[in-house]
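A.B. asks:
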Amino acid sequence: MKNTFVKNTIGQIISFAASMLLLCLIWQGITLLTKSEIPGPIATWQVAKEMFAEPFYDYGPNDKGIGLQLTASLWRVFLGFGIGSLIAIPLGILMGSSKFMMRLFDPIVQILRPVSPLAWFPLGLLAFKAAAGATIFIITITSLWPTLINTSFGVAHIPQDHKNVSKAFGFSKLKYLTKILIPYTLPHMITGLRLSIGIAWMVIVAGEMLSGGSGIGFFVWDSWNGLSLEKILVAILIIGSVGLLLDKFFNTLKMAFAWENK
Amino acid sequence: MMKNLTQEELELLQTEEIENKDEIAKLLAPPAIKIKNVTVSFKSKKGLYTALKDISLDIKKGEIISLIGHSGCGKSTLMNTISGMVSPTSGEVIANEQLVKGPGPDRGIVFQNYSLLPWLTVFQNIYEAVDSSFKNISKEDKKAIVEKNLKMVNLWEHQHKLPGHLSGGMKQRVAIARAFAINPKILLLDEPFGALDALTKSAMHIELLKLWNLDNRDKTIVMVTHDIEEAIFLSDRVVVLNNGPASTIKEIVDIPLERPRNKKEIVHHPKYKEIHDRLLSLLIDKFSISDY
Ligand SMILES: Nc1ncnc2c1ncn2[C@@H]1O[C@H](COP(=O)(O)OP(=O)(O)O)[C@@H](O)[C@H]1O
Ligand SMILES: [Mg+2]
Numbered sequence: 045m046k047n048t049f050v051k052n053t054i055g056q057i058i059s060f061a062a063s064m065l066l067l068c069l070i071w072q073g074i075t076l077l078t079k080s081e082i083p084g085p086i087a088t089w090q091v092a093k094e095m096f097a098e099p100f101y102d103y104g105p106n107d108k109g110i111g112l113q114l115t116a117s118l119w120r121v122f123l124g125f126g127i128g129s130l131i132a133i134p135l136g137i138l139m140g141s142s143k144f145m146m147r148l149f150d151p152i153v154q155i156l157r158p159v160s161p162l163a164w165f166p167l168g169l170l171a172f173k174a175a176a177g178a179t180i181f182i183i184t185i186t187s188l189w190p191t192l193i194n195t196s197f198g199v200a201h202i203p204q205d206h207k208n209v210s211k212a213f214g215f216s217k218l219k220y221l222t223k224i225l226i227p228y229t230l231p232h233m234i235t236g237l238r239l240s241i242g243i244a245w246m247v248i249v250a251g252e253m254l255s256g257g258s259g260i261g262f263f264v265w266d267s268w269n270g271l272s273l274e275k276i277l278v279a280i281l282i283i284g285s286v287g288l289l290l291d292k293f294f295n296t297l298k299m300a301f302a303w304e305n306k
Numbered sequence: 077m078m079k080n081l082t083q084e085e086l087e088l089l090q091t092e093e094i095e096n097k098d099e100i101a102k103l104l105a106p107p108a109i110k111i112k113n114v115t116v117s118f119k120s121k122k123g124l125y126t127a128l129k130d131i132s133l134d135i136k137k138g139e140i141i142s143l144i145g146h147s148g149c150g151k152s153t154l155m156n157t158i159s160g161m162v163s164p165t166s167g168e169v170i171a172n173e174q175l176v177k178g179p180g181p182d183r184g185i186v187f188q189n190y191s192l193l194p195w196l197t198v199f200q201n202i203y204e205a206v207d208s209s210f211k212n213i214s215k216e217d218k219k220a221i222v223e224k225n226l227k228m229v230n231l232w233e234h235q236h237k238l239p240g241h242l243s244g245g246m247k248q249r250v251a252i253a254r255a256f257a258i259n260p261k262i263l264l265l266d267e268p269f270g271a272l273d274a275l276t277k278s279a280m281h282i283e284l285l286k287l288w289n290l291d292n293r294d295k296t297i298v299m300v301t302h303d304i305e306e307a308i309f310l311s312d313r314v315v316v317l318n319n320g321p322a323s324t325i326k327e328i329v330d331i332p333l334e335r336p337r338n339k340k341e342i343v344h345h346p347k348y349k350e351i352h353d354r355l356l357s358l359l360i361d362k363f364s365i366s367d368y
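Chains as they are written, first to last, in this note's numbering: chain A, 45 to 306; chain B, 77 to 368.
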């Protein structure tokens with residue numbers, strides 16, 4: 045048992061390393077093809093080392109360390125995602141619980157869901173009179189849909205058996221919510237949250253490019269203006285890795301709450 | 077409680093030897109369950125499906141009744157009209173002298189498919205039912221009730237397990253403990269022993285009767301079963317249903333075997349074979365390949 049576990053872990057580490065090596069090879073290939081117009085892994089690594097040497101420096105509004113930019117972005121994402129989830133979960137429960145509510149809200153969801161974050165931005169500016177508010181607004185409104193849809197799906201599919209228990213033993217509304225609805229829906233809800241945080245993290249870059257000031261998106265834009273392609277590439281790798289970590293976090297969370305596997 | 081006696085009942089009182097007041101009270105008490113002209117139809121895509129048609133049945137307080145019939149004939153549906161999970165399309169059910177409008181803690185249910193909540197432990201599954209049914213007792217008392225009932229079905233050591241880790245028989249015992257824990261006047265058991273092996277099943281029969289005895293034989297039990305021997309051993313009467321659609325009661329078979337019954341001895345009782353054959357012929361019309 046333990047041996048296979050160790051073997052599996054070693055196998056995973058090796059295949060991950062191989063995967064990263066492959067990425068670097070393709071990257072180097074592209075660098076060669078573009079005659080070094082796009083910096084290669086080694087040049088990028090040099091710049092990355094400098095950036096990570098002092099990640100939290102602050103030389104005024106337009107010159108901040110990568111660590112500060114990242115924290116600013118993460119903070120916005122969690123704020124927007126948090127507000128979005130606080131809207132999506134109760135609304136999802138409402139839609140899942142009643143056919144009427146589903147029919148009432150579903151068309152609205154279907155129309156608003158495919159709208160690009162960029163299209164929402166001006167509305168956000170208008171509403172909040174500030175770029176910071178607008179960025180959080182577009183994260184909220186574009187990231188809430190998967191949580192909303194998955195939550196309502198979960199609630200709508202609570203098995204009749206479970207509802208019968210509640211009915212037969214006279215569960216109160218609160219007991220039904222905490223002992224049946226939420227436990228059953230939680231895995232669906234977390235799947236939704238996982239997709240939502242993915243969207244939020246995608247949207248933040250676009251949002252910060254538009255709003256400027258701070259954040260990883262602003263950093264990418266600023267590096268482009270400063271013609272530092274290496275910095276852009278480092279930023280892309282950071283964005284990708286953070287996205288991966290967020291995804292893994294919610295996946296772990298889902299595993300922890302999936303009563304089916306217990 | 078006492079109603080005016082009819083002539084018939086007076087005669088009954090005089091002719092039969094009544095041993096104590098309890099029995100007189102039981103004889104005169106209104107039926108625990110009164111099913112009056114109950115018809116149940118379900119709306120389906122193909123139209124209206126009538127499962128039960130004009131069923132009437134009175135069940136006395138303290139009686140044990142078995143419902144028997146082929147799969148899909150409407151046994152669960154009839155149970156559900158008593159529990160209040162299904163409301164009759166026409167007719168009515170009166171339980172404990174009250175019109176049944178929905179489920180209530182005076183009727184405990186064991187569902188055909190156990191219906192345990194998979195994310196709650198064995199203990200919690202029972203606790204939540206107890207917590208909903210008894211409003212005015214302390215947490216400690218509620219826990220004591222859960223403990224008592226889990227010990228009764230021999231699952232106390234398994235109290236921390238999730239239902240997913242239990243065998244079918246254990247799940248069924250949890251469901252039974254849950255129904256008993258709310259101490260209902262009427263127990264509704266839908267194929268409660270169906271998933272049990274013969275040994276456990278036998279032990280559970282005895283447990284059920286023990287509980288019923290301990291409680292002065294006051295609890296009314298309605299049970300669905302496919303097992304003729306089980307029906308005879310446990311019941312006062314066996315209600316045989318016709319095949320659906322629009323099932324009616326085919327026949328009600330009395331089981332006049334005196335209690336307490338003994339599993340080993342009962343089969344040698346002269347009436348046993350007669351009852352057994354009667355039930356068998358009501359349920360099965362082909363007994364050998366030459367009947368085709
Ligand atoms: N909720 C329902 N909707 C539609 N049809 C139902 C429903 N419940 C039961 N039925 C139908 O009623 C009939 C009797 O079902 P049931 O009472 O479960 O039978 P039994 O318990 O005797 O096997 C079956 O034909 C079944 O398909
Ligand atoms: Mg059934």
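Every residue, glycine too, gets a C-beta built ideally from N, C-alpha and C.
This one's a predicted model, so the numbers in the text were calculated from it and none came from an experiment.
From this set, Gly136(A), Gly177(A) and Leu221(A), which residue's C-alpha is nearest Asp338(A)'s C-alpha?
C.D. replies: Missing from the structure shown is residue 338(A); chain A here goes from 45 to 306 and no further.
A.B. asks: Measure from the alpha carbon of Ala279(A) to the alpha carbon of each residue in Ala61(A), Pro231(A), Phe60(A) and Gln113(A), then state which is nearest.
C.D. replies: Answer by Cα proximity: Gln113(A).
A.B. asks: Is the Cβ of Met78(B) closer than 8 Å to any Cβ of chain A?
C.D. replies: Because Met78(B) sits at a pLDDT of 49, beneath the cut-off of 50, its placement in the model cannot be relied upon, and the point is left open.
A.B. asks: Hey, how far is the Cα of Lys277(B) from the Cα of Glu305(B)?
C.D. replies: Roughly 12 Å separates the two Cα atoms.
A.B. asks: Please indicate yes or no: does the CB of Phe118(B) lie closer than 7 Å to some heavy atom of ligand 1?
C.D. replies: Yes, the Cβ of Phe118(B) comes within 7 Å of a heavy atom of ligand 1.
A.B. asks: Give the single residue among Ser208(B), Asp273(B), Trp195(B) and Asn212(B) whose Cα lies nearest to the Cα of Ala257(B).
C.D. replies: For the residues Ser208(B), Asp273(B), Trp195(B) and Asn212(B), the minimum Cα distance to Ala257(B) belongs to Ser208(B).
A.B. asks: Beta-carbon of Val209(A) versus every beta-carbon of chain B: anything under 8 Å?
C.D. replies: By this cut-off, Val209(A) is an interface position.
A.B. asks: So, is the C-beta of Ala300(A) closer than 8 Å to a C-beta in chain B?
C.D. replies: Not an interface residue.
A.B. asks: Taking the alpha-carbon of Asn194(A) as reference, which of Met146(A), Leu218(A), Leu254(A) and Glu98(A) has the nearest alpha-carbon?
C.D. replies: Nearest option by C-alpha distance: Met146(A).
A.B. asks: Using a Cβ cut-off of 7 Å, pull out every chain B residue sitting near Ile224(A), in sequence order please.
C.D. replies: Residues of chain B passing the Cβ test: Leu193.
A.B. asks: Could you tell me if Thr72(B) is buried or exposed, where buried requires 16 or more neighbouring beta carbons within 10 angstroms of its beta carbon?
C.D. replies: Only positions 77 to 368 of chain B appear in the structure, and residue 72(B) is not among them; the question remains open.
A.B. asks: Rounded to whole angstroms, what's the CA-CA distance from Leu226(B) to Tyr203(B)? Just pull it up for me.
C.D. replies: Their backbone Cα atoms lie some 11 Å apart in a straight line.
A.B. asks: Using three-state DSSP, classify Glu139(B) as helix, strand or coil.
C.D. replies: Reduced to three states, the DSSP call for Glu139(B) is coil.
A.B. asks: Any residues whose CB sits closer than 7 Å to a heavy atom of ligand 4? List them in chain order?
C.D. replies: Among the ligands present in this structure, namely ligand 1 and ligand 2, ligand 4 is not found.
A.B. asks: Along the alpha helix (DSSP H) that carries Met299(B), what are the first and last residues, could you check?
C.D. replies: That residue, Met299(B), is in no alpha helix (DSSP H); its beta strand (DSSP E) goes Thr296 to Val300.
A.B. asks: Can you tell me which residues form a DSSP beta bridge with Arg183(B)?
C.D. replies: According to DSSP, which records beta bridges pairwise, Arg183(B) is partnered with Ile262(B).
A.B. asks: Express the C-alpha separation of Asn295(A) and Asn172(B) in angstroms, rounding to a whole number.
C.D. replies: When rounded, the distance between both Cα atoms is 51 Å.
A.B. asks: For Ser285(A), is the classification buried or exposed, using 16 other Cβ atoms within 10 angstroms of its Cβ as the cut-off for buried?
C.D. replies: The residue is exposed, with fewer than 16 neighbouring Cβ atoms inside 10 Å.
A.B. asks: If you compare alpha carbons, which of Thr324(B), Ile351(B) and Gly123(B) is closest to Val314(B)?
C.D. replies: Taking only the C-alpha atoms, the option nearest Val314(B) is Ile351(B).
A.B. asks: Name, please, each residue of chain A whose Cβ falls closer than 9 Å to the Cβ of Ala205(B).
C.D. replies: Within chain A, the residues near Ala205(B) are Val209, Ala212, Phe213, Gly214 and Phe215.
A.B. asks: For Met299(B), would you say it is in contact with chain A, using Cβ-to-Cβ distances shorter than 8 Å as the test?
C.D. replies: False, the Cβ-Cβ gap to chain A never drops below 8 Å.
A.B. asks: Beta strand (DSSP E) containing Arg313(B): first to last residue?
C.D. replies: Taken as a continuous stretch (DSSP letters only), the beta strand (DSSP E) holding Arg313(B) covers Arg313 to Leu317.
A.B. asks: In its own chain, which residues sit with a C-beta less than 8 Å from the C-beta of Lys207(A), not counting the 5 before and 5 after it?
C.D. replies: Contacts found: Ile224.
A.B. asks: Within its chain, find whatever has a CB closer than 8 Å to the CB of Ala251(B); leave out the 5 residues flanking it on each side and keep chain order.
C.D. replies: Hits under 8 Å: Val186, Phe187, Tyr190, Ser191, Leu192 and Pro268.
A.B. asks: What do you reckon, are the CB atoms on Ala163(A) and Leu169(A) nearer than 8 Å?
C.D. replies: No, the pair does not count as a contact, with Cβ atoms beyond the cut-off.
A.B. asks: Taking only heavy atoms of ligand 1 into account, decide whether any of them is closer than 7 Å to the Cβ of Gly320(B).
C.D. replies: Gly320(B): yes, Cβ under 7 Å from ligand 1.
A.B. asks: Using three-state DSSP, classify Ile202(A) as helix, strand or coil.
C.D. replies: It is coil, neither helix nor strand.
A.B. asks: Taking its Cβ as the centre, do 16 or more other Cβ atoms sit within 10 Å of Gly236(A), making it buried, or is it exposed?
C.D. replies: The residue is buried, with at least 16 neighbouring Cβ atoms inside 10 Å.
A.B. asks: Does ligand 1 have even one heavy atom less than 7 Å from the beta-carbon of Ser147(B)?
C.D. replies: For ligand 1, at least one heavy atom lies less than 7 Å from the Cβ of Ser147(B).
A.B. asks: Have a look at Pro231(A) and Asp217(B) and give me their C-alpha separation to the nearest angstrom.
C.D. replies: So the alpha carbons of these two residues sit roughly 34 Å apart.
A.B. asks: What is the rounded straight-line gap between the Cα of Met64(A) and the Cα of Ile282(A)?
C.D. replies: One C-alpha to the other measures close to 14 Å.
A.B. asks: Sorry if obvious, but does the Cβ on Ala271(B) come closer than 7 Å to a heavy atom of ligand 1?
C.D. replies: For ligand 1, not one heavy atom lies less than 7 Å from the Cβ of Ala271(B).
A.B. asks: Where Leu104(B) and Thr153(B) are concerned, what is the direct C-alpha to C-alpha distance, given to the nearest angstrom?
C.D. replies: Their Cα atoms are separated by approximately 29 Å.
A.B. asks: Nearest CA to the CA of Glu334(B): which residue from Ala322(B), Pro321(B), Asp266(B) and Ile308(B)?
C.D. replies: Nearest C-alpha to Glu334(B): Ile308(B).
A.B. asks: Quick one: any contact between the region 289-302 of chain B and the region 124-140 of chain B, if contact means 3 or more CB pairs under 8 Å?
C.D. replies: The region 289-302 of chain B, when compared against the region 124-140 of chain B, does touch it at the 8 Å Cβ threshold.
A.B. asks: Using alpha carbons as the reference points, say which of Leu138(A), Leu148(A), Phe172(A) and Ser258(A) lies closest to Thr191(A).
C.D. replies: Cα-wise, what sits closest to Thr191(A) is Leu138(A).
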